[in-house]
Ligand SMILES: Nc1ncnc2c1ncn2[C@@H]1O[C@H](COP(=O)(O)OP(=O)(O)OP(=O)(O)O)[C@@H](O)[C@H]1O
Ligand SMILES: [Mg+2]
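In the numbering used here, the protein residues as written are 5 to 476.
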């Protein structure tokens with residue numbers, strides 16, 4: 005990161021301060037490979053004036069200046085532009101002078117006449133230091149704004165999202181949150197509620213994928229007494245329970261057609277009828293819906309009503325996938341390491357640069373949820389207070405990609421020229437898909453080309469149990 009800094013891309017801005025034009029010329033020659041921009045001055049006051057705004061990454065500073073003592077110039081620059089590195093290049097060849105310069109904050113001390121290689125080394129090291137310093141500064145300044153309503157992130161995408169949420173929170177407009185699985189859509193929905201005027205009213209969530217189609221309307225709209233066999237008493241649905249607050253319809257793309265029509269009516273009239281009733285009940289709910297499907301594609305494919313789509317997407321929000329905002333990875337790692345260490349009751353481990361590099365390079369098909377799981381698992385049984393590459397799964401380390409897509413039983417059967425019962429193949433294939441996306445149901449359903457409800461039923465039929473983190 006910071007280290008491949010200036011030499012390769014030559015972006016450094018450097019100020020040369022020396023009253024000797026020949027020295028300036030030879031310093032400039034040494035800088036050629038590092039600097040994008042070089043300025044020269046011959047006096048201390050000019051140097052201070054130019055450098056104190058923090059415009060330069062590096063100052064090459066002579067001590068014997070005509071107007072001011074170089075050490076004084078150094079102090080002034082350092083007090084006003086802490087991240088600017090200063091390499092003193094001086095004819096004062098004494099230990100005392102070097103010590104004084106270093107104490108005043110210089111990164112290095114090179115004696116004149118200088119050996120170009122020695123100066124280049126000093127420049128390279130100083131630029132690295134200043135790049136690191138800037139990075140720390142950036143991170144620190146991002147710290148204040150690095151999380152919003154529980155959402156960690158400092159990428160432009162996340163900042164924009166936070167700004168939209170703030171704006172939206174003031175209204176009661178219907179919001180449609182789209183984005184891949186695990187990007188944080190639930191968190192966004194929660195934030196819209198928590199930041200808004202409805203925050204003290206209920207936030208009621210309905211997962212449209214987890215409830216079988218034949219039960220969803222009862223869940224949403226409730227029923228009157230004796231609406232169906234077994235309905236001994238009337239029961240309000242989630243829409244009524246959310247009155248005054250927010251109704252969060254998660255996985256809205258899974259809603260079956262008849263239910264879509266009822267939802268549309270709610271959005272149009274803000275009224276509902278319980279099952280088995282003819283009373284129309286007025287409700288004041290803000291609807292926030294989420295889906296990891298591309299809803300417009302669902303509309304085009306005839307699986308989702310277009311009129312409902314337009315009603316829902318009054319205010320569309322898109323949460324970008326993690327691989328499109330890698331700047332957030334380090335912050336998220338930090339966040340999850342701290343949380344996992346607390347949960348495990350262990351001291352917070354140091355993440356090694358190699359491990360962090362691998363975490364940043366990986367593509368995260370399961371997005372933030374996958375990252376969270378990887379960190380949580382890495383911390384289990386971790387020793388030595390270091391989270392190193394070896395604590396990460398092979399896929400993240402970069403070794404994967406070649407694993408078989410064939411379920412083991414099928415592979416064996418194929419090798420033995422045997423045909424397996426379809427049921428068995430299906431079970432294994434479902435298991436394989438779940439394993440592939442680390443237990444993420446939406447993702448597995450997407451890969452298998454079936455709805456989540458269908459997947460739930462298959463899990464039940466085959467007695468496949470989910471690991472705890474996948475059930476959420
Ligand atoms: N920006 C973030 N900061 C901190 N934690 C996050 C962030 N984004 C997501 N998470 C965490 O990642 C996990 C997955 O997030 P969430 O459940 O909101 O994803 P989702 O987009 O709703 O996924 P799905 O489509 O599968 O329902 C949660 O544990 C959540 O707390
Ligand atoms: Mg979700």
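All residues carry an ideal CB built from backbone N, CA and C; glycine is no exception.
Opening and closing residue of the beta strand (DSSP E) in which residue i lies
i: residue 340; result: Run containing residue 340: none in the beta strand (DSSP E); it sits in the alpha helix (DSSP H), 331-348.
i: residue 320; result: 319-322
i: residue 291; result: 290-295
i: residue 93; result: 89-94
i: residue 429; result: Counting along the chain, residue 429 falls outside any beta strand (DSSP E), though it belongs to the alpha helix (DSSP H) covering 426-440.
i: residue 311; result: Per DSSP, residue 311 belongs to no beta strand (DSSP E); it is in the alpha helix (DSSP H), 310-316.
i: residue 114; result: 112-115
For residue j and residue i, the rounded distance between their alpha carbons
i: residue 92; j: residue 36; result: 18 Å
i: residue 210; j: residue 458; result: 17 Å
i: residue 68; j: residue 139; result: 33 Å
i: residue 190; j: residue 429; result: 34 Å
i: residue 267; j: residue 373; result: 29 Å
i: residue 106; j: residue 162; result: 41 Å
i: residue 378; j: residue 155; result: 18 Å
i: residue 81; j: residue 367; result: 42 Å
i: residue 343; j: residue 229; result: 47 Å
i: residue 434; j: residue 446; result: 12 Å
i: residue 23; j: residue 94; result: 11 Å
i: residue 425; j: residue 440; result: 23 Å
i: residue 167; j: residue 192; result: 12 Å
i: residue 245; j: residue 270; result: 14 Å
i: residue 9; j: residue 326; result: Low confidence applies here, because residue 9 scores a pLDDT of 38, under 50, leaving its location unreliable; read the following figure in that light. If you take the alpha carbons of residue 9 and residue 326, they lie about 24 Å apart.
i: residue 213; j: residue 310; result: 20 Å
i: residue 96; j: residue 116; result: 8 Å
i: residue 2; j: residue 159; result: Residue coverage of the chain in this structure runs from 5 to 476, which leaves residue 2 outside it and unanswerable.
i: residue 302; j: residue 169; result: 25 Å
i: residue 369; j: residue 397; result: 14 Å
i: residue 75; j: residue 57; result: 19 Å
Collapsed DSSP secondary structure at residue i in the structure displayed
i: residue 21; result: strand
i: residue 16; result: strand
i: residue 182; result: strand
i: residue 240; result: strand
i: residue 8; result: In this predicted model, residue 8 has a pLDDT of only 37, less than 50, meaning its place in the structure is not dependable enough to derive any value.
i: residue 305; result: coil
i: residue 207; result: strand
i: residue 405; result: Low confidence applies to residue 405: its pLDDT is 37, below 50, so where it sits in the model is not reliable enough to give any reading.
i: residue 457; result: helix
i: residue 356; result: coil
i: residue 226; result: strand
i: residue 44; result: strand
i: residue 177; result: coil
i: residue 488; result: Past the edges of the chain, shown from 5 to 476, lies residue 488, and the structure says nothing about it.
i: residue 253; result: strand
i: residue 68; result: strand
i: residue 233; result: coil
i: residue 468; result: coil
i: residue 33; result: helix
i: residue 390; result: strand
Burial state of residue i, where buried means 16 or more other Cβ atoms lie within 10 Å
i: residue 157; result: buried
i: residue 29; result: exposed
i: residue 354; result: exposed
i: residue 465; result: exposed
i: residue 61; result: buried
i: residue 64; result: buried
i: residue 313; result: buried
i: residue 305; result: exposed
i: residue 120; result: exposed
i: residue 468; result: exposed
i: residue 164; result: exposed
i: residue 71; result: exposed
i: residue 389; result: exposed
i: residue 20; result: buried
i: residue 125; result: exposed
i: residue 16; result: buried
i: residue 100; result: exposed
Continuous alpha helix (DSSP H) stretch holding residue i: start and end
i: residue 273; result: 261-273
i: residue 452; result: 445-452
i: residue 190; result: 189-198
i: residue 372; result: 371-383
i: residue 103; result: 99-107
task: Mind the definition here: the segment 310-322 touches the segment 171-186 only if three or more C-beta pairs lie below 8 Å; say whether that holds.
output: Because the criterion of three Cβ pairs below 8 Å is met, the segment 310-322 and the segment 171-186 touch.
- request: Could you tell me whether the segment 186-199 touches the segment 246-254, where touching means 3 or more Cβ pairs closer than 8 Å?
  value: They touch, by the three-pair rule.
field: Given 8 Å, three or more beta-carbon pairs between the segment 260-268 and the segment 207-221
entry: When C-beta atoms of the segment 260-268 are compared with those of the segment 207-221, three or more pairs fall below 8 Å, so the two segments count as touching.
- prompt: So, do the segment 39-53 and the segment 17-28 have three or more beta carbon pairs nearer to each other than 8 Å?
  reply: Yes: at least three Cβ pairs fall under 8 Å.
task: For the segment 224-231 and the segment 270-278, state whether three or more C-beta atom pairs, one from each stretch, are separated by less than 8 Å.
output: With a cut-off of 8 Å on Cβ pairs, the segment 224-231 is in contact with the segment 270-278, counting three or more such pairs.
message: Taking 8 Å as the cut-off, does the segment 326-345 touch the segment 357-364 (at least 3 CB pairs, one atom from each stretch)?
response: Of all C-beta pairs linking the segment 357-364 to the segment 326-345, three or more are shorter than 8 Å, placing the two stretches in contact.
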